[in-house]
Amino acid sequence: MTHPFFALHRQGFVRVAACTPRIAIADPARNAQETLDLMRRAASRHADLVVFPELGLSAYAIDDLFLQDALLAAVETGLASLVAASRDLAPVFVVGAPLRRHQRLHNCAVVISRGRIAGVVPKSFLPNYREYYEARWFAPGAGLTGLEIDVAGQRAPFGTDLVFASAALPDFVFHVEICEDLWAATPPSTQGALSGATILCNLSASNAVIGKAAERELLCASQSLRCQAAYVYAAAGPGESTTDLAWDGQATIHELGTALARTARFPTTSQMTVADVDVERIRAERLRTPTFDAAARAAGQPERAFRRVTVEHAASDADVGLERPIDRFPFVPDDPERLDRDCFEAFNIQVQGLRQRLQATGLQHVVIGVSGGLDSGHALLVAARTFDSLGLPRANILGFTMPGFATSEATKANAWALMHALGVTAAELDIRPAARQMLADLGHPFARGEARYDVTFENVQAGLRTDYLFRLANQRRGLVLGTGDLSELALGWCTYGVGDHMSHYNVNGSLAKTLIQHLMRWVATSGEVDAAAHDVILAIVATEISPELVPAGAGGEIQSTQQVVGPYELQDFHLFYLTRYGLRPSKVAFLAWHAWRDAAREPWPPAFPAAARRAYDLATIRRWLAVFLRRFFAESQFKRSALPNGPKVVTGGSLSPRGDWRAPADGNANAWLAELDANVPAEG
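Per my numbering, numbering of the sequence shown is gapless, rising by one per residue and ending at 685.
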């Protein structure tokens, strides 16, 4: 692919590598060669930033050999060879070395770029407890700012006040700290992030003991989340002295709390892990989080105290793929354990919200229209669990099927089966006589026998159902339970003031359609329901999504929602990245193309049916993304400006005007559609 659309740099990504070379104890020449081999491997994989372990040129566990001039001179010679070799290599490299400066020895990270030492960062905090005695050999770097160092024939900036920035990619800014710095109460990387670094690097040794890998994982994940950054961690591995310690060679890459890549532990040879970090997304996340700026202000604006060093780096327009896991369903994790945890939380958040609303109102009944579809079926499951938790009989849940002109026997049967299986009070209220009367009063052609199935025909039915539900709630002293979901609200696929738009309380308003599908599967298999309910729940999940307002065509085909608004699996993808992170439409299309172009790519969410595994080409993605942009930004905000109450379930997953999304009702989609047209090729 030659179009700039396919270039990861154009889409705000930086490719980073964390390396664990096999170390030769106190042999800088061999270590430099092993490091160079990995540098070349990283360059061949189009890495932009490559991080190596702490003291990798000398080895870490060599004790008093650090005080031998012959060894330190050999380190500088090895470093000079790496600097010379880097002239012909595109990435920026960060290597660990013991370096002398002003009669002191420092444990350093050396940043190398295109034949130049861009800067040297000394370790701030030296461990001097348990098995570590670094203060025996090294001087601490904390407080060393505004200095320079002469090393390997070059003079370079030296100190803990350095951040490094690419002139070619505006969001490619990184900070460096070393091992123990991360374990400190005030990691230097926090100040680096507040000064603008989007990528935080850690050159580490970190021996292995039981439980320490989990501790490191927690620290790296939490630092990347707290600092709203990526965190690249490279630790010492094979070849290090095991006189008193052992090493597992862990290397990990995290972004905003999520692990993107990691190496195997306890390798026997050199290894490397690579991931594409979304620095544009990091910048966008900081932009939308005022707490980040407040922290920088409280810290005295660290950017004033840091020196920003420019590193040479070319932003290529080549298509080099994407080294990054992308969930097809961003609302539905692929990992089975996390999906189970998310479903448990989502379901119980819904239950807690409804329980509190019932307790606050003193009402002991809910009224719900049960269509036999996904949304009403799931809302009914939430209601059943809520009434159990309140000690109220499920018979107090009043479920109504309200067949219209297009209601199928299959969905009506599913509605009845689910209500019976859950033990709620079930009844039927046929809206067709009232609908015919209203259509006749309006002079609608359908009342004269014409097959006119326009929006008025549809909305008469939707409105009547809501009218009946609210009056039933008045009559039975109950609360109308809403069923409309987040995906429908995003696309405006609801009738204003009635239908799925309006209720007394809506438990589904923060749930995407794709998540509701998995939630229902989870409820069916979690022990919440009996075998009869299990079977009908799975039947509902497998049913074509339809509003069932227009009679089937001559060939028997039913009205399909997704033929109008697009596949929900694609539109939920677009919804997530546009509202959660505010990404450009072209970047959303880029991510969707990588996520959806190959149906054979694993993983898929647990229990996702093989027959339902689809792929979408770029033209299809572009088409439906344009539909989403028009419907979301230009056509449906007025509906979202008047939503009933309901619990927020997913981070960034609420379109309530009182919550995550506030926008003018009379906006337009021009800027978003123009960006899509200008930057996404029609075919790919």
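Idealized CB from N, CA, C, for every residue including glycine.
Remember, predicted model here, so these are calculated numbers, not experimental data.
- Of the other Cβ atoms in all chains shown, 16 or more fall within 10 Å of the Cβ of L58; this residue is therefore buried.
- Beta-bridge partners assigned by DSSP to L399: V368, T426.
- Taking the Cα of R227 as reference, the smallest distance to any Cα among T243, R325, F293, P239 is reached at F293.
- About 14 Å separates the beta carbon of C221 from that of H176, a gap too long to meet the 8 Å contact definition.
- When DSSP assignments are scanned along the region 107-163, the uninterrupted stretches of beta strand (DSSP E) that are 3 or more residues long and fall wholly within it turn out to be 117-123, 148-152, 155-159.
- Listed in chain order, the non-local C-beta contacts of Q12 below 6 Å within the same chain comprise K588, F591, local neighbours out to five positions each way being set aside.
- A Cβ-Cβ separation of about 10 Å leaves V383 out of contact with Q353 under the 8 Å criterion.
- In the DSSP annotation of this structure, P446 is not part of any beta strand (DSSP E), being labelled neither H nor E.
- Sequence-distant Cβ neighbours of I63 in its own chain, meaning closer than 7 Å and more than five residues away, are I26, A27, S242.
- Taking a contact to require three or more Cβ pairs closer than 8 Å, the region 408-426 and the region 519-536 qualify as touching.
- The beta carbon of T562 sits closer than 7 Å to the beta carbons of W494, I546, S547, P548 from its chain, once the five residues preceding and following it are set aside; these are given in chain order.
- Spanning the alpha carbons of P394 and V368 requires a straight line of approximately 14 Å.
- Under the DSSP assignment, N203 falls in the beta strand (DSSP E) whose first and last residues are 200-204.
- For D279, the uninterrupted beta strand (DSSP E) segment begins and ends at 272-279.
- Taking 8 Å as the cut-off, the Cβ atoms of E178 and P189 count as close.
- Partner residues in the beta bridge of N208, as assigned by DSSP, are W248.
- Ranked by how close their Cα comes to the Cα of A48, the residues L73, Q104, C20, R16 have R16 in first place.
- Shown here for N460: same chain residues with a beta carbon closer than 6 Å to its own, the five before and five after excluded, namely T496 in chain order.
- Annotation note: the region 305-340 contains the following uninterrupted beta strand (DSSP E) runs of length 3 or greater, listed N- to C-terminal: 308-312.
- Pairing Q34 with A231, the inter-Cα distance amounts to about 28 Å.
- Sequence-distant Cβ neighbours of A262 in its own chain, meaning closer than 6 Å and more than five residues away, are I254, T274, A276.
- Between the C-alpha atoms of A396 and L183 there is a straight-line separation of about 57 Å.
- Taking each of D599, A143, P326 in turn and checking the Cα distance to A616, the smallest one comes out for D599.
- With respect to the 8 Å criterion, A380 and V551 are not classified as neighbours on the basis of their beta carbons.
- One Cα belongs to V210, the other to R632, and the distance between them is close to 55 Å.
- Separation of the CB atoms of L465 and A436 is rounded to 6 Å, and the pair is thereby assigned contact status at 8 Å.
- Taking the CA atoms as reference points, G250 sits about 13 Å from A60.
- Within the model, the alpha-carbon separation for A683 versus T3 is close to 13 Å.
- By the neighbour-count criterion, in which 16 or more other beta carbons inside 10 Å mark a residue as buried, S390 falls on the exposed side.
- In the three-state DSSP reduction, I546 falls in the coil class, being neither helix nor strand.
- V51 and S655 have their C-alpha atoms some 38 Å from each other.
- Around the Cβ of R663, a 10 Å sphere holds fewer than 16 other Cβ atoms; the residue is exposed.
- Nearest C-alpha to A157 among C109, L201, C202: C109.
- Look at N669 here: in three-state DSSP terms it is coil, with no helix or strand label.
- Secondary structure of C180 (DSSP, three-state): coil.
- Under the three-pair Cβ rule at 8 Å, the region 287-305 does not count as touching the region 565-576.
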